[in-house]
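**Q** Residue numbers (my numbering): 711 to 1155.
Cβ coordinates follow ideal geometry from the N, Cα and C atoms, glycine included.
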Ligand code: DLL
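1. Pop quiz: residue 899 and residue 851 are said to be a contact at Cβ under 8 Å. What is the actual Cβ separation, rounded to whole angstroms?
2. Who are the near neighbours of residue 1047 in its chain, counting only those whose CB is closer than 7 Å to its CB and skipping five residues on each side?
3. Under the assumption that residue 931 contacts residue 955 (Cβ atoms under 8 Å), give the Cβ distance between them as a whole number of angstroms.
4. Given a cut-off of 8 Å on the beta-carbon distance, is the pair residue 798 and residue 822 in contact?
5. Please say whether residue 959 and residue 740 have beta carbons closer to each other than 8 Å?
6. Can you list, in chain order, the residues of its chain whose CB lies under 8 Å from that of residue 866, leaving out five sequence neighbours each side?
7. Taking only the alpha-carbon atoms, compute the straight-line gap between residue 774 and residue 755 and give it to the nearest angstrom.
8. Would you kindly work out how many angstroms separate the C-alpha atoms of residue 864 and residue 984, rounded to a whole number?
9. With the cut-off set at 8 Å, would you say residue 1008 and residue 778 are in Cβ contact?
10. To the nearest angstrom, how far is the alpha carbon of residue 862 from that of residue 1135?
11. Per DSSP, which residues does residue 1038 bridge with? Please list them.
12. Could you tell me whether the segment 814-831 touches the segment 779-793, using the rule of 3 or more Cβ pairs below 8 Å?
13. Which full runs of the alpha helix (DSSP H) of 4+ residues lie inside the segment 1033-1078, going along the chain?
14. Out of curiosity, what's the CA-to-CA distance linking residue 976 and residue 874?
15. I need the boundaries of the beta strand (DSSP E) containing residue 1118, first residue and last residue.
16. Nearest to residue 815 by CA position, among 1150, 1057, 964 and 1039, is which residue?
17. How would you write the range of the alpha helix (DSSP H) that residue 776 sits in, first residue to last?
18. What are the start and end residues of the beta strand (DSSP E) that includes residue 950?
19. Using the C-alpha atoms, what's the distance from residue 795 back to residue 749?
20. Suppose you measure from the CA of residue 974 to the CA of residue 1032; what does that come to, to the nearest Å?
21. Spatial neighbours of residue 825 within its chain, please: CB distance less than 7 Å, with the 5 preceding and 5 following residues excluded, ordered by chain position.
22. Would residue 1005 and residue 1079 be called neighbours here (beta carbons separated by less than 8 Å)?
23. Distance, Cα to Cα, residue 844 vs residue 1000?
24. Helix, strand or coil, according to DSSP, for residue 925 in the structure here?
25. On a Cα-Cα basis, can you pick out the residue from 986, 732, 996 and 810 that is closest to residue 1122?
26. Find out if the Cβ-Cβ distance for the pair residue 981, residue 830 is shorter than 8 Å.
27. Does DSSP classify residue 864 as helix, strand or coil?
28. Taking only three categories from DSSP, how would you classify residue 968?
29. Could you tell me whether any non-hydrogen atom of ligand 1 is closer than 7 Å to the CB of residue 1019?
30. From the DSSP output, read off the bridge partner residues of residue 791.
31. Using alpha carbons as the reference points, say which of 966, 967 and 1019 lies closest to residue 991.
32. Are there any heavy atoms of ligand 1 lying less than 7 Å away from the beta-carbon of residue 854, as far as the coordinates show?
33. Tell me whether residue 913 is buried or exposed, calling it buried when 16 or more other Cβ atoms sit within 10 Å of its Cβ.
34. Using a Cβ-based criterion (distance less than 7 Å to any ligand heavy atom), does residue 724 qualify as near ligand 1?
35. Return the first residue and the last residue of the alpha helix (DSSP H) that residue 903 is part of.
36. Shorter than 7 Å, the distance from the beta carbon of residue 1138 to the closest heavy atom of ligand 1, or not?
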């Protein structure tokens, strides 16, 4: 396939034919892959086989794609309970990469990839980049964090496979980001949308005119953002702001991506099979209706995820997209059905904060997480009650405790938060569930 052009005449990387398969052909491919992956998990993953056996099911009971609804669901705690390697379907000799993400308590969840898995992941990222109009010759500044987080390496390998020039700057160091953006003629940036707002703000302070830069495309994801935020970004820069979705349990970034229509995210359905279910009944909801996204990895070898409850709330867009892709779209993800918070792109569960606080002596199990937003970045303050003896201690002792608590939280969540020690009985008690999170965020509009 040669270069193609959209209506604006922009050059495009050759599109993948997989984005345009006739639906019936795609369904045949999906069913074929489903049978293979279910067999693989059944043969190699004890937890999955036991759950199938409880339901008196074997892979041979799959007669059509719809039969996927009979299969057991995975939840995040399954990854915690089998920590670290219990859900792997490949021997370690075939695993070429491990990543990790926040679990609900102190331990992270671990995910694994074979070389084939990494290649599939890169190919999904190539399809995402191509749908944003990026191609060879683009200079992509990758400001997603490199490391255990999937954002950095996922976008990196995808950008290289696209044939673009990738700058692996990773997250943080805002002034250096802006210097690189300007001096290296960067045409696209990958980062969280909230961090890009911070870059815009800082550029203003440094008297860098974002609109005069060649930067034209933003690849924004890893946290919920709004249409208003998109408008604000696009008005303040010449960037076309695209949404990218993904999660470590499935692969990382590149599960779904917007196209130039910016009307929902196409899911790369030949690899990631989406269902939307009612959060209570777990039964499928009709297209167009909101529910929880459940994803199945149709080709993941090292760690197949079958019917994984993402906790992300969205809906399938019922209409075909004007771009001509046949793979279905989901609406942008606005919220989750659990208590996971995403602060500056880092996933945090209130239960992790509790684990971190209680690991340090002198604190009481009364705490509150206060979320604020200065218009761009979300901030978290943790208020924790300390014993009367500790509170009457010298300032230095209090400061040292504060430091130890902040360190403990950072060790467990990877996030540096503001910490405030308060006297016993100052945090409001509730009669029912404790209100652990006070959300005072004024979402960027
Ligand atoms: O955030 C992977 C990623 C990296 C996606 C870079 C996009 C770009 P996790 O750290 O496992 O993986 O967090 C996954 O983040 O279940 C959603 O709740 C949220 N999330 C990810 N992308 C979006 C998005 C990466 N575009 C969790 N919109 C997911 C809203 C998002 N929420």
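**A** Checking against the coordinates, here is how it stands:
1. Contact between residue 899 and residue 851 holds, since their C-beta atoms are separated by about 5 Å, short of 8 Å.
2. Excluding residues within five positions, the ones whose Cβ falls inside 7 Å are 989, 1002, 1021 and 1023.
3. In this structure residue 931 touches residue 955 by the C-beta definition: roughly 6 Å separates them, less than 8 Å.
4. Yes.
5. Between residue 740 and residue 959, the C-beta gap is not smaller than 8 Å, which leaves the two residues out of contact.
6. Correct list, in chain order: 852, 856, 876 and 878.
7. Between the C-alpha atoms of residue 774 and residue 755 there is a straight-line separation of about 23 Å.
8. Between the alpha carbons of residue 864 and residue 984 lies a gap of roughly 20 Å.
9. 8 Å or more divides the Cβ of residue 1008 from the Cβ of residue 778.
10. Distance between residue 862 and residue 1135, taken at the CA atoms: about 43 Å.
11. According to DSSP, residue 1038 bridges with nothing at all.
12. Contact holds: three or more Cβ-Cβ distances are below 8 Å.
13. Counting only runs of 4 or more, we get 1060-1068.
14. If you draw a straight line from the Cα of residue 976 to the Cα of residue 874, it is about 22 Å long.
15. Per DSSP, residue 1118 belongs to no beta strand (DSSP E); it is in the alpha helix (DSSP H), 1105-1123.
16. Among 1150, 1057, 964 and 1039, the Cα nearest to that of residue 815 belongs to 1057.
17. Here residue 776 belongs to no alpha helix (DSSP H), and DSSP marks it neither H nor E.
18. In the DSSP assignment, residue 950 falls within the unbroken beta strand (DSSP E) covering 950-957.
19. Note on geometry: alpha-carbon atoms of residue 749 and residue 795 lie some 19 Å from one another.
20. Cα to Cα, the separation comes out at about 11 Å.
21. Around residue 825: 806.
22. Not a contact, by the Cβ cut-off of 8 Å.
23. CA-CA distance, residue 844 to residue 1000, rounds to 31 Å.
24. Reduced to three states, the DSSP call for residue 925 is coil.
25. Comparing Cα positions, the closest option is 810.
26. Inclusion of residue 981 and residue 830 in the CB contact set at 8 Å is warranted, their separation being smaller than that value.
27. Per DSSP, reduced to three states, the secondary structure at residue 864 is helical.
28. Correct three-state label for residue 968: strand.
29. With a cutoff of 7 Å, residue 1019 does not count as near ligand 1, since its C-beta is closer than that to no heavy atom of the ligand.
30. None; residue 791 has no bridge partner.
31. Minimum Cα-Cα distance from residue 991 among the listed residues 966, 967 and 1019 corresponds to 1019.
32. Yes, the Cβ of residue 854 comes within 7 Å of a heavy atom of ligand 1.
33. It is buried - the Cβ of residue 913 has at least 16 other Cβ atoms within 10 Å.
34. Incorrect: residue 724 has no Cβ contact closer than 7 Å to ligand 1.
35. For residue 903, the uninterrupted alpha helix (DSSP H) run begins and ends at 903-915, by DSSP.
36. No, since every heavy atom of ligand 1 falls outside the 7 Å radius drawn around the Cβ of residue 1138.
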